[in-house]
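One structure is given below, encoded as structure tokens.
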Amino acid sequence: MRAVDGVTLSVRPGEMLGLVGESGCGKTVTALSILRLVPDPPGRIVGGTISFEGRDLVRLPEEEIRKIRGCAISMIFQEPMTSLNPVFTVGEQVAEGIRQHQKVSRREAWDQAVEVLKRVKISDPARRAREYPHQLSGGMRQRVMIAIALALRPKLLIADEPTTALDVTIQAQILELLLGLQEEMKMAVMLITHDLGVIAETADRVVVMYAGRVVEEASVKELFDNPLHPYTQGLMESLPRLETGKARRRLRAIPGLVPNLLELPTGCKFAPRCPKVVEQCWPTEPELREIRPGHSARCILAG
Amino acid sequence: MEPLLVVKNLKKYFPLKRGIWFGEGAEVRAVDGVSFEVRRGETMGLVGESGCGKSTMARLILRLLEPTAGEVYFGKASVFETNKEEMRQLRRRMQIVFQDPYSSLDPRMPVDEIVGEGLTIHRLARGKEKTDRVVDLLEMVGLGREHMGRYPHEFSGGQRQRIGIARALAVGPEFLIADEPVSALDVSIQAQIINLFEDLQEQLGLTYLFIAHDLRVVKHISDRVAVMYLGQIVELADSDELYRNPLHPYTQALLSAIPEVDPQSKRQRIFLEGDPPSPVQIPSGCRFHPRCPKRFDRCDQEEPVLREVSAGHWVSCHLY
Chain A
966 MRAVDGVTLS VRPGEMLGLV GESGCGKTVT ALSILRLVPD PPGRIVGGTI
1016 SFEGRDLVRL PEEEIRKIRG CAISMIFQEP MTSLNPVFTV GEQVAEGIRQ
1066 HQKVSRREAW DQAVEVLKRV KISDPARRAR EYPHQLSGGM RQRVMIAIAL
1116 ALRPKLLIAD EPTTALDVTI QAQILELLLG LQEEMKMAVM LITHDLGVIA
1166 ETADRVVVMY AGRVVEEASV KELFDNPLHP YTQGLMESLP RLETGKARRR
1216 LRAIPGLVPN LLELPTGCKF APRCPKVVEQ CWPTEPELRE IRPGHSARCI
1266 LAG
Chain B
-4 MEPLLVVKNL KKYFPLKRGI WFGEGAEVRA VDGVSFEVRR GETMGLVGES
46 GCGKSTMARL ILRLLEPTAG EVYFGKASVF ETNKEEMRQL RRRMQIVFQD
96 PYSSLDPRMP VDEIVGEGLT IHRLARGKEK TDRVVDLLEM VGLGREHMGR
146 YPHEFSGGQR QRIGIARALA VGPEFLIADE PVSALDVSIQ AQIINLFEDL
196 QEQLGLTYLF IAHDLRVVKH ISDRVAVMYL GQIVELADSD ELYRNPLHPY
246 TQALLSAIPE VDPQSKRQRI FLEGDPPSPV QIPSGCRFHP RCPKRFDRCD
296 QEEPVLREVS AGHWVSCHLY
């Protein structure tokens, strides 16, 4: 099964790149591949390069990549409940990463951990550091996850659906925190989400994925003003709007099912669900083409 | 319009036995004095964050849970005072669609049995008549005869939710509770299912209680919306009115927290402090006061009541 098939994307220093797509589109596998976290077997990176500050992560020996993981590049996950270890205090879990990568005493690592917890705006961090994950709320746990990820001041943070499991008021707090920390620490962030609203509010540039491929890439303003790929257009139109006063309109759903990666058509992978499909869509898969400066789409009708 | 469902001062407390932290007698006040009506043919939306009591309320209305106090009237019947046989009759008229299409369908049952089970239990149809009815139901939700013998694992999330809807409709209900029916689905599939709910309502004249945490979805589908916080309704109004003119500071914060699908718009966001408190230790006075940006001295002393401040717009806040 080809979970990710020929994905090319770049994140610039200090940039917030949004990666958007539905379940099974390959966004998480792309992220895990960057850190070489896809279990092998069954997963294999069969081709391509991942260049980070001039080094190819795909070909780096395991011990080298371990130095990068959690240090220069780190990651936060969707589910803060299952990503934290229930039998250690949160302070210990933040300090553990620091001790892995820096030669510091237990005491110093602990002090640094408390400092990081303070930076993610956990109130009374010295006391909270001695608590266990189950004693914290969902939003607080996600802050701890962010603290672990940021403890070593990474250059790139990969955030995989960091707010999906949270309530909307807590989601707003966490996104605000991420944006603030990004600015303060001048790091690049790759934000993976299925929520176009989150993308619109946070990202500088957006990559849209479908069936393991990049189907569109543009600056956030350009993408929302002028979506070129019918899939991106469909995603935007299928969202209920909040405007009041207008008569309730039917949602324009994208027909069909989220694609099965084992039964993809030869041509454009979106063709079976595409409202604009023409005959030329079926025989060969279109290339990702730059339609206008900085805006590419994988559709023969674009441009 | 005549109400189909009337909920009066409904309460459900769950005792915490052998609590390590809370000691004897502590309880979770999941639903704490809720009253509202649902009119025949309308869609009533119920929003709130996790733990606010919205799912407990759904289960109380269907009497899948017994209440601590309060009443629910469905049509003329008092739900908690019916006997077993009357309750069975009532269950035909009120059905539920659950959130998780993965765990709410029996993995060992083929689709025709899942959908047809209610027909057998309520002795509504058998034999060929039952099969025909099942096919009708599947077609009504966008599936077909060819799906009858398949098992839930052969379907995608959206299709499973369609099966769940067909099962709920099998016994010919008037009233459907949809408990977060689209939150587990992909965005492109959510829209399909929302459209299906609307089509079915039109065809069958159904009344919905639509529970969700996604304010966008609730706004889209509901005629009226009730906002819950810590086991109580804090605001209730027509859908448009609520979104145009939210009165309760909690509703205002909730609405302002929805990410806008427009990178240009720079809306003023209201950030709430902290997390929702535990329903075990409910704050004094107004239960929202510790997080409220507009609190004043009266708020931690006196509990506000839900009052109608303009036609059809109810709010529970000392500011009004």
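Just so you know, the sequences run in chain order A and B.
Yeah, the first sequence ends on 1268 if you go by the numbering used here, and it's all consecutive.
Yeah, the second sequence ends on 315 if you go by the numbering used here, and it's all consecutive.
Just so it is clear, CB atoms sit at the ideal spot from N, CA and C, and this is done for glycine as well.
Please read these numbers as outputs of a predicted model, since none were measured by experiment.
Asked: Just the Cα atoms here: how many angstroms apart are arginine 1020 of chain A and alanine 996 of chain A?; Found: 17 Å
Asked: Indicate the three-state DSSP secondary structure (helix, strand or coil) for glutamate 1255 of chain A in the structure shown.; Found: strand
Asked: Does the Cβ of phenylalanine 192 of chain B have 16 or more other Cβ atoms within 10 Å, making it buried, or fewer, making it exposed?; Found: buried
Asked: Measure from the C-beta of isoleucine 206 of chain B to each C-beta in chain A and report whether the shortest distance is under 7 Å.; Found: no
Asked: Mapping DSSP to helix, strand and coil, what is tryptophan 1247 of chain A?; Found: coil
Asked: Runs of 3 residues minimum, wholly inside the region 81 to 150 of chain B: which ones carry the beta strand (DSSP E) assignment?; Found: 89 to 92
Asked: Tell me the start and end of each unbroken beta strand (DSSP E) in the region 29 to 89 of chain B that is at least 3 residues and wholly inside, in chain order.; Found: 38 to 42, 64 to 69
Asked: Nearest chain A C-beta to arginine 211 of chain B closer than 7 Å, yes or no?; Found: yes
Asked: Could you tell me the alpha carbon to alpha carbon distance between proline 241 of chain B and proline 1230 of chain A, rounded to whole angstroms?; Found: 48 Å
Asked: Look up valine 212 of chain B in the DSSP assignment and give the residues it is bridged to.; Found: Paired residue(s): none; valine 212 of chain B is not in a bridge.
Asked: For the alpha helix (DSSP H) holding histidine 1066 of chain A, just list the boundary residues, first then last.; Found: 1055 to 1066
Asked: Under 7 Å, Cβ to Cβ, is there at least one residue of chain A near serine 178 of chain B?; Found: no
Asked: Comparing alpha-carbon positions, which option in B:Arg290, B:Cys294, B:Arg162 lies nearest leucine 132 of chain B?; Found: B:Arg162
Asked: Taking the alpha helix (DSSP H) that threonine 1231 of chain A falls in, what are its first and last residues?; Found: First-last for threonine 1231 of chain A: undefined, no H or E at that position.
Asked: Please list, in chain order, the chain B residues whose beta carbon lies closer than 9 Å to that of isoleucine 1219 of chain A.; Found: Val182, Ser183, Ile184, Ala186, Gln187
Asked: Secondary structure at aspartate 295 of chain B, three-state DSSP: helix, strand or coil?; Found: helix
Asked: Please confirm if serine 45 of chain B has its CB atom under 7 Å from at least one CB of chain A.; Found: yes
Asked: Using a Cβ-Cβ cut-off of less than 9 Å, list which residues of the region 1137 to 1168 of chain A approach chain B; keep chain order.; Found: Ala1137, Gln1138, Leu1140, Glu1141, His1159, Asp1160, Leu1161, Gly1162, Val1163, Ile1164, Ala1165, Glu1166, Thr1167, Ala1168
Asked: Leucine 249 of chain B touches chain A at which residues, Cβ-Cβ below 7 Å?; Found: Val1133, Thr1134
Asked: Using a Cβ cut-off of 9 Å, pull out every chain B residue sitting near leucine 1216 of chain A, in sequence order please.; Found: Gln185, Ala186, Gln187, Ile189, Asn190, Glu193, His215
Asked: By the criterion of Cβ-Cβ separation under 8 Å, what are the contact partners of aspartate 257 of chain B in chain A?; Found: Ala1165, Phe1189
Asked: For aspartate 295 of chain B, decide whether its Cβ has a neighbour in chain A, counting only Cβ atoms nearer than 7 Å.; Found: no
Asked: For the alpha helix (DSSP H) containing glutamine 1100 of chain A, list its first residue and its last residue.; Found: Counting along the chain, glutamine 1100 of chain A falls outside any alpha helix (DSSP H), and DSSP gives it neither H nor E.
Asked: Name the one or two DSSP bridge partners that lysine 7 of chain B has.; Found: B:Val26
Asked: Confirm, please, whether the CB-CB distance from alanine 1137 of chain A to glycine 1062 of chain A is below 7 Å.; Found: no
Asked: List, in chain order, every chain B residue whose beta-carbon is nearer than 9 Å to that of glutamate 987 of chain A.; Found: Asp181, Val182, Ser183, Ile184
Asked: Less than 7 Å between CB atoms is the rule here; does valine 1003 of chain A satisfy it with respect to chain B?; Found: no
Asked: Compare the Cα-Cα distances from leucine 1193 of chain A to each of A:Ala1168, A:Thr1167, A:Cys1239 and report the closest residue.; Found: A:Cys1239
Asked: Exposed or buried, what is glutamine 296 of chain B when buried is set at 16 or more other beta-carbons lying within 10 Å of its beta-carbon?; Found: exposed
Asked: Mind checking who threonine 202 of chain B pairs with in its DSSP beta bridge?; Found: B:Phe170
Asked: Could you check which residue in A:Val1154, A:Gly983, A:Lys1234, A:Ser1016 has the C-alpha nearest to that of isoleucine 1030 of chain A?; Found: A:Ser1016
Asked: Out of B:Asp270, B:His284, B:Arg88, state which residue places its alpha-carbon closest to the alpha-carbon of serine 1102 of chain A.; Found: B:Asp270
Asked: Taking only beta-carbon atoms, is aspartate 270 of chain B less than 7 Å away from chain A?; Found: yes
Asked: Report the neighbours of serine 1102 of chain A on chain B: residues whose CB is nearer than 7 Å to its CB, in chain order.; Found: Asp270
Asked: With a threshold of 7 Å between beta-carbons, can leucine 133 of chain B be considered close to chain A, or not?; Found: no
Asked: To the nearest angstrom, how far is it from the Cα of arginine 1034 of chain A to the Cα of arginine 1001 of chain A?; Found: 9 Å
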